[in-house]
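Participant: Which chain is which? The protein sequence lines are X and V, in order.
With numbering that gives the first Met the number 0 as the guide, the letters of the first sequence map in order to residues 0 to 433.
With numbering that gives the first Met the number 0 as the guide, the letters of the second sequence map in order to residues 0 to 433.
C-beta: ideal position from N, C-alpha, C; glycine also.
Because the structure is a prediction, the values reported are computed rather than measured.
Number of protein chains: 2
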Amino acid sequence: MENNTILIKNALILNPNNFINKPQDILIKNDLISEISDEITDENVDKIIDATEKILLPGLVNTHTHLSMTLFRGLADDLSLDEWLNDNIWPVEANLNGYYCYIGALLGAVELIKSGTTTFSDMYFYMEDVAKAIEESGIRAVLSYGMIDFGDEEKRKAEIEENLQLYKNCHNTADGRIKVFFGPHSPYTASEELLKEVRKLADENNIGIHIHVSETQKEINDVSSEKGLRPFEYLDSIGFLGPDVVCAHSVWLSDNEIEIIKEKDVKISHNPCSNMKLASGIAPVSKLLENDICVAIGTDGASSNNNLDLIEELKTASLLQKVATLDPKVLTSDESLAMGTINGARALGLEDEIGTVEVGKKADLILIDTNSANMVPDSSNLSSNIIYSANGSNVDTTICNGQILMENRKLTTLDEQDIYKKAREALDELKKAI
Amino acid sequence: MENNTILIKNALILNPNNFINKPQDILIKNDLISEISDEITDENVDKIIDATEKILLPGLVNTHTHLSMTLFRGLADDLSLDEWLNDNIWPVEANLNGYYCYIGALLGAVELIKSGTTTFSDMYFYMEDVAKAIEESGIRAVLSYGMIDFGDEEKRKAEIEENLQLYKNCHNTADGRIKVFFGPHSPYTASEELLKEVRKLADENNIGIHIHVSETQKEINDVSSEKGLRPFEYLDSIGFLGPDVVCAHSVWLSDNEIEIIKEKDVKISHNPCSNMKLASGIAPVSKLLENDICVAIGTDGASSNNNLDLIEELKTASLLQKVATLDPKVLTSDESLAMGTINGARALGLEDEIGTVEVGKKADLILIDTNSANMVPDSSNLSSNIIYSANGSNVDTTICNGQILMENRKLTTLDEQDIYKKAREALDELKKAI
Chain X
0 MENNTILIKN ALILNPNNFI NKPQDILIKN DLISEISDEI TDENVDKIID
50 ATEKILLPGL VNTHTHLSMT LFRGLADDLS LDEWLNDNIW PVEANLNGYY
100 CYIGALLGAV ELIKSGTTTF SDMYFYMEDV AKAIEESGIR AVLSYGMIDF
150 GDEEKRKAEI EENLQLYKNC HNTADGRIKV FFGPHSPYTA SEELLKEVRK
200 LADENNIGIH IHVSETQKEI NDVSSEKGLR PFEYLDSIGF LGPDVVCAHS
250 VWLSDNEIEI IKEKDVKISH NPCSNMKLAS GIAPVSKLLE NDICVAIGTD
300 GASSNNNLDL IEELKTASLL QKVATLDPKV LTSDESLAMG TINGARALGL
350 EDEIGTVEVG KKADLILIDT NSANMVPDSS NLSSNIIYSA NGSNVDTTIC
400 NGQILMENRK LTTLDEQDIY KKAREALDEL KKAI
Chain V
0 MENNTILIKN ALILNPNNFI NKPQDILIKN DLISEISDEI TDENVDKIID
50 ATEKILLPGL VNTHTHLSMT LFRGLADDLS LDEWLNDNIW PVEANLNGYY
100 CYIGALLGAV ELIKSGTTTF SDMYFYMEDV AKAIEESGIR AVLSYGMIDF
150 GDEEKRKAEI EENLQLYKNC HNTADGRIKV FFGPHSPYTA SEELLKEVRK
200 LADENNIGIH IHVSETQKEI NDVSSEKGLR PFEYLDSIGF LGPDVVCAHS
250 VWLSDNEIEI IKEKDVKISH NPCSNMKLAS GIAPVSKLLE NDICVAIGTD
300 GASSNNNLDL IEELKTASLL QKVATLDPKV LTSDESLAMG TINGARALGL
350 EDEIGTVEVG KKADLILIDT NSANMVPDSS NLSSNIIYSA NGSNVDTTIC
400 NGQILMENRK LTTLDEQDIY KKAREALDEL KKAI
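1. Using the beta-carbon of each residue, which ones in chain X are nearer than 8 Å to L78/V?
2. Going by C-alpha to C-alpha distance, which of L70/X, I133/X and G207/X sits closest to L347/X?
3. For P57/V, which residues does DSSP report across the bridge?
4. Looking at the C-beta of S213/V, does it have a partner C-beta in chain X at a distance below 8 Å?
5. With burial defined as no fewer than 16 other Cβ atoms inside 10 Å of the residue's Cβ, what is the status of Q416/X: buried or exposed?
6. Which residues share a DSSP beta bridge with H211/X?
7. Compute the Euclidean distance between the alpha carbons of Q434/X and A130/X, then round it to the nearest angstrom.
8. What does M275/V touch in chain X if you count any residue whose Cβ is under 7 Å from its own?
9. Report the three-state DSSP secondary structure of Y233/X (helix, strand or coil).
10. Using only alpha-carbon positions, find the residue among D174/V, R176/V and L194/V that is nearest to P183/V.
11. With distance defined between alpha-carbon atoms, name the residue in L228/X, P186/X, P271/X and C246/X nearest to N255/X.
12. Between the C-alpha atoms of R345/X and E192/V, what's the straight-line distance to the nearest angstrom?
13. Nearest to S379/X by alpha carbon, out of E350/X, N94/X, N168/X and L13/X?
14. Who are the neighbours of N85/X on chain V, taking C-beta pairs under 9 Å?
15. When you check each C-beta in the region 199-223 of chain V against every C-beta of chain X, which residues fall closer than 7 Å?
16. Counting along the chain, where does the alpha helix (DSSP H) carrying A462/V start and finish?
17. In the DSSP output, what is Y144/X paired with across the bridge?
18. Which first and last residues belong to the alpha helix (DSSP H) in which V294/X is found?
19. Going by beta carbon distance, what residues of the same chain come within less than 8 Å of S79/X, once the five residues before and after it are set aside?
20. If the cut is a Cβ gap below 7 Å, which residues of chain V does Y419/X touch?
21. Would you give the residue range spanned by the beta strand (DSSP E) that T396/V belongs to?
22. Give the single residue among L307/X, S332/X, E52/X and V375/X whose Cα lies nearest to the Cα of L106/X.
23. Select from the region 105-124 of chain V all residues with a C-beta closer than 8 Å to any C-beta belonging to chain X, and list them in chain order.
24. Where does N17/X sit, in a helix, a strand or coil, going by DSSP?
25. In the structure shown, what three-state DSSP assignment does N305/X receive?
26. Which one of S371/X, H65/X, L95/X and V375/X has the shortest CA to CA distance from N393/X?
27. Report buried or exposed for F149/V, applying the criterion of at least 16 other Cβ atoms within 10 angstroms of its Cβ.
28. Bridge partners of L240/X, per DSSP?
29. Return no unless some Cβ of chain V is closer than 8 Å to the Cβ of M0/X.
30. Using a cut-off of 8 Å between C-beta atoms, extract the partners of C384/X located in chain V.
31. Given a cut-off of 8 Å, decide if T331/X and I341/X are closer than it, judged by their beta-carbon atoms.
32. Can you tell me which residues form a DSSP beta bridge with Q216/X?
33. According to DSSP, simplified to helix, strand and coil, what is D414/X?
34. Drop a sphere of 10 angstroms on the beta-carbon of Y98/V, count the other beta-carbons inside from all chains shown, and report buried for 16 or more, exposed for fewer.
35. On the premise that S120/X lies in contact with H209/X, defined as a C-beta separation below 8 Å, what is that separation, rounded to the nearest angstrom?
36. I need the DSSP call for R139/X, collapsed to helix, strand or coil.
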């Protein structure tokens, strides 16, 4: 990485639960935030950004995606998870290859950057091709290979080998922007043997784990009838859970399971739009937060959402908890903002690097332009203005690892129109192949 | 109105439940859609719009707003309806005047136009000042004065007189873009006498009615204990209900009330974001639709939402019904789109003029640019792409009554920056006056 300094002038900095009501200057040196103060006069910088009338936040953290599935946006809607997966998604996925996953990931990366997400945690196939897209796009990612064995020993070995190869080839690559996790798909698609092996390898190699747990009532019923335990109880009984496990969805939770999650410091990735669209259910997020459990946010894939706009997702999260509990005071805009930033960083084990705007942390920052029809007048409560009024289109500038990825809504690392063209062609080819 | 012709070329027309999978040309003459066909070669027009890669829809219809309250966006959040109104909104409203309502309405009009809404139904105060903003902005509106008497006879007479004056001065003005309804606030703030008088005057003058009904459990309890009947039963018992009554919210409904609504052909304006944010509850929309009741959509005021983006509102409506019923097949994107267009037109008694793209109807049209990160690849299901993937920022062009109000996201009738400045100043003054 070449030497690089950026000076951001006059930004209102909004950290989760900490807002300085006075514009600040921020100096970025290479990949790090080097100084924050009332005025930085250093003129000897490579680039000056005027952030007057803009809010500066930590880059958003999307903790559960299947980025290549952005190709399948709108492919099938208004269906149950079962019909959606079995009859629509899996037949198309059967014809996937590395190139399609690469193009899908590039398309997703464009959308992430344009809506203010700088870090995402992904689980899918052809992950080295996804890594290539991440390398090129400049964003930060935690990648895991979605391991499914359905109890087949040979498949299990191959799946684990695939995820280990991903680790060996991609972990800490792209100037450290790419980390690799294990991705056992779920307790109903990954066998007990696979889960135990993953736990062992995760401990040995200090690798985090990304898994779907308790998404639907059907899953609860299936796991309960097979194992005699609810999903989190089962995972706990085999020693799988720990602070390095990020569980997506986690919709249907008993009090005992919430106790287990709290005790084992398991991280939860809440996916409200997907859970609503697939009618999976409403996760008890406010109860989890009351129990000091780390709840982060995720969009899930764009084909069950159908976009990757994390600001929209955070609004939906807040509003859904309020109506589900009939208590308008739960999941405030401050709490929601924390879910989208520092909680995400904690979930991914990256809280020392990202999730807040602080000297010494990575320069993963976004600027939101408040001079927009949906954000005027600017409330004194900036988190409310962002969570409840804004959407991803209000993000003006996206910086990741000290590199500007978007300025004035123009991308710097990716060619939008070329990616759109290739994505359309890829989907056409995939549909023809069914 | 001067003579005016616009030719839109190569648009994919998406009507509610009717999509022609072949680009069409649309000729607008003055305020009306004059021709739709495969190719219109008339070159003798004032303006040609190239709609290649764009979806053309009827302008969206927002059936419940308090447009001037856009000034109060983010003023108070994460509170119950009671605390929000009593401790925050009403103290600021005490210092409102016509100028503030005019500026608030202009600010709201900017947001409506920029997010694709061409018609809205408003209830508030200083409505002649709101009418002035509508006249200038070029959008279409149904305006009602929010009548509250709390049983006070003198107040009642003054309130009715105010709404009648609004009718006399503004109904059918602005080239017919402004209609006036009666706006009795609710069954708990308007007395039985007021409601009966409104019903009588509505019949005599053929004026529609806009009212809040059954928003919160508290309202059900209060009305039930005072009247011995639930709100819709009470309104029915005094002969108030009919096909010209649009009821906002309608969250808490008994089976008997749903029967009454159906039998009297009452129109419902569903406001999911507001109902969620204020934790009012979840309206049984899919059950209402099953009963062939006309359900339209509304954002409510921007201070309980906190924006006026009707596409976001329609997505929330669909997703909320799916999760509330645990049935992913209810409130499909097609049904949602109908709620935002033709159902809104029907609710406002304007189905002969707006709500679909048809020859002979008013030229109230919007173009959505699908060449955007959150909408690629373009699904073959256009309504899914709009309802589930898009938001208001994807609207490229807004036309109302044959006049272009926005083209390539640039407003033609209003000065955005000037309005933002005045709105900020107005809110500052209002806050100081408390």
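Facilitator: Well, looking at it:
1. P327 and K328
2. G207/X
3. L364/V
4. no
5. exposed
6. A247/X
7. No information on residue 434/X is available, as it lies outside the stretch 0 to 433 that chain X covers here.
8. L318, L319, K321 and V322
9. helix
10. L194/V
11. L228/X
12. 60 Å
13. L13/X
14. Residues of chain V passing the Cβ test: none, with the nearest at roughly 14 Å.
15. none
16. The first residue shown for chain V is 0 and the last is 433, placing residue 462/V beyond what the model contains.
17. Y123/X and F181/X
18. Segment V294 to I296 is the beta strand (DSSP E) holding V294/X; no alpha helix (DSSP H) there.
19. L277 and A278
20. N370 and V375
21. V394 to C399
22. L307/X
23. L106, V109, E110, K113 and S114
24. strand
25. coil
26. S371/X
27. exposed
28. None, per the DSSP bridge assignment.
29. Legend: pLDDT at M0/X = 47, less than 50; position of this residue unreliable, no value from coordinates given.
30. Sequence inspection shows Asn at residue 384/X; the Cys mentioned does not correspond to that position. In chain order: R72, G73 and N305.
31. no
32. In DSSP, Q216/X forms no bridge with anything.
33. coil
34. exposed
35. 6 Å
36. strand
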